[in-house]
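See structure below.
Protein chains in written order, with the working numbering: chain A, 102 to 471; chain B, 102 to 471.
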């Protein structure tokens, strides 16, 4: 996963010249690789830069290494990494969205980006009950083997990250700034713990401030990295609804927690449910719904790199696995056979499905794959 | 609307012999009228009564008028009435359900059964908030001109009836007993006020006790009389969910009020929403969903539905009526012919059907009645 400076400087150079995003992706599509762009004939590059001779000169001249001292220093820290779009380690779900970022700055465990994630987002000013719900869902999802991904904002985001960490899990925070700064500043300590126990991610270059327009772009990464998005509490016209809309556009599941019709913070969730989001009352509701998606991720070759998927089953899973066998069996039967609670069996099944140990069959049945 | 004793005794007689319900409906379908049944040849009646000679004798002998003294006394009260399946005053929406009751005992204003109704149902042991919601929705719906129909049970039902009465509106209670008794007894006063300001309805004969199996049958009338059912608070596996399921089977709208995921009384509503019920936060959400019909009703002060139904069609309806004609025609054809939106056509059709201007035919087709 270590990225040597000479490999990434061409990316940083073109990222800076193009302003990142779509322009750089189009160049990659046209020329096939980052090296091919710098080696392209001037005549082919000119139209890509709207005829701007200075930009094309800069592309052809190549990077002035001295301009990337900040990045070099940052990458010298072994906990920092850069993942580029053409990298086999680039998260496969994020690769599927209409506008995957060409560069991902990662502080912490970059391999975690390949793990199955559920985004948990919501209001920056939640109720106590909303925070409790965010914590309870995140803890359960974490124990079920999912990584909780969020935006490290005040309120629901922070509750979700904290609960995932407290449950001994790893969590991913997607930032709207460069990763050499922390926003909001109050989350300095949280950011540090996330980086050491999970990962901080950003598509924005080092030094980038928390610009207003960064937040919707950041939100598309939160949903793009995840199998689905859970909205815990959200007012109408809030950032969480943008994340949910982006998730739906990306074909990801949207889950929403209902609440009192008299609570303004339930309005956003209710609006989502009316638009087709799944109403969920508990984390097992989400795990049940994720069944099919989880199969996809487990089957994806890129997902092999995720350590969560590569680990061998724990003893409890191994026992359940033996109860399952190679003929499809219903969950109810497994509950009876194992003597475990429905919630526990459901979690374990999802977990084993994510690892590719079992597969779901029609009629809510499961069977071993190996 | 006055029903003379000699007209209804044949109905009461056959109702009693057949046990009411489907058996009597099948006889009516086979022989065409209540009179034709008593005049049918023994050989044709025998198979209808599973070869029971005694029953067929009783049909052919005709009623012993002395057996219906209780009904005679009850009908002597001018506020009591009987509406039979073949009566033009039989509620048209109820006529559409798969198993319309052949006889309706009505105490109060029988014409009210033809008014546009919304059923409001829920737990017998609601929270304070649930009662408040039932009251607020019922008051708003009443002021908008809809009749609130419910089951006069403790809890949400009673809150809904009370709020409709307090808002100066009329309300319909469907009973699971004969109308000469009140269940629950605590609602004696409420029943009296409903009868004087609205209507009590039952398909059960006088004297019928509140048997367990009466309640689901009663619930199908609550939904069958109504354009839709609002479930305010309901536990899983509750009677309100049965009403909602019946409503869905009858093609009626189902509305549910969400609540805290920690409230067992919200679980039923959440289950309904997951199954496709409309999540509503306020009465206007319901009115919007009911569309043009609700707007029309709102324009009729004090829900004077009898006159509303008798009013002549507005110009738009008159145009659509002329497009319909006297041969059954599909709604899609009408959308093409009229150039109106499907939603608009659908609303207008329901509206005209309620007024008896058209009738629904098999295969989703419509034809004029006059």
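Just so it is clear, CB atoms sit at the ideal spot from N, CA and C, and this is done for glycine as well.
Note on the segment 188–257 of chain B: whole alpha helix (DSSP H) runs with a minimum of 4 residues are 193–196, 229–244, in chain order. Within the same chain, Cβ atoms closer than 7 Å to the Cβ of residue 353/A are found at 324, 327, 328, 329, 330, the five residues on either side in sequence being excluded. Taking 8 Å as the cut-off, the beta carbon of residue 201/A is found closer than this to the beta carbon of residue 186/A.
With the criterion set as a beta carbon lying under 8 Å from some beta carbon of chain B, the segment 297–326 of chain A has no members that meet it. Just measuring C-alpha positions, the residue of 304/A, 125/A, 439/A sitting nearest residue 318/A is 304/A. At a cut-off of 8 Å between beta carbons, residue 382/B contacts chain A.
Contact check for residue 222/B against residue 238/B fails: the beta carbons are separated by 8 Å or more.
Contact with chain B is absent for residue 443/A, since none of that chain's Cβ atoms lies less than 8 Å from the residue's Cβ.
Shown here, residue 350/B sits in a helix according to DSSP, grouped into three states. The residues 457, 458, 459, 460, in chain order, have a CB closer than 7 Å to that of residue 470/B in the same chain once the five nearest residues on each side in sequence are set aside. Close partners of residue 360/B in chain A (Cβ separation under 8 Å): 359, 360, 361, 362. Taking 8 Å as the threshold, the shortest C-beta distance from residue 375/A to chain B falls below it. Below the 8 Å Cβ cutoff, chain A contributes no neighbours of residue 229/B, its closest Cβ being approximately 12 Å away. Counting C-beta atoms within 10 angstroms of its own C-beta, residue 418/B has 16 or more neighbours from the protein chains shown and is therefore classed as buried. DSSP places residue 297/A within a helical segment (H, G or I) once states are collapsed to three. Rounded to whole angstroms, the gap between the alpha carbons of residue 320/A and residue 316/B is 50 Å. Distance from the CA atom of residue 116/B to the CA atom of residue 271/B, rounded to whole angstroms, is 29 Å.
In summary, the residues of the segment 222–251 of chain B whose CB is separated from some CB of chain A by less than 8 Å are 230, 234, in the order they occur in the chain.
Residues of the same chain with a CB within less than 8 Å of the CB of residue 446/A, apart from the 5 flanking positions on each side, are 421, 432, 435, 436, 439 in chain order. Residue 166/A is classed as exposed because its beta carbon has fewer than 16 other beta carbons within 10 Å across all chains shown. Remark: C-beta atoms of residue 348/A and residue 341/A do not approach each other more closely than 8 Å. When the Cα atoms are used, residue 372/A and residue 226/A turn out to be separated by approximately 18 Å. With respect to chain A, the C-beta atom of residue 371/B has a partner C-beta closer than 8 Å. Counting along the chain, the unbroken beta strand (DSSP E) around residue 274/B starts and ends at 272–275. Residues 169, 172 of the same chain have their beta carbon placed closer than 6 Å to that of residue 113/B, with the five preceding and five following residues left out of the count. Cβ-Cβ separation between residue 283/A and residue 207/A: approximately 15 Å, too far for a contact (criterion under 8 Å).
Beta-bridge annotation (DSSP): residue 169/A is not paired with any residue. Under DSSP, residue 467/A shares a beta bridge with 430/A, 461/A. Using a 10 angstroms sphere on the CB of residue 278/A, the tally of other CB atoms reaches 16 or more, which defines it as buried.
At a Cβ-Cβ threshold of 8 Å, residue 135/A and residue 164/A do not count as neighbours. Put simply, the backbone Cα of residue 242/B is about 11 Å away from that of residue 235/B. By DSSP's assignment, residue 329/B forms a beta bridge with 219/B, 354/B. Under the DSSP assignment, residue 185/A falls in the beta strand (DSSP E) whose first and last residues are 181–185. Judged by DSSP in its simplified three-state form, residue 134/A adopts coil rather than helix or strand.
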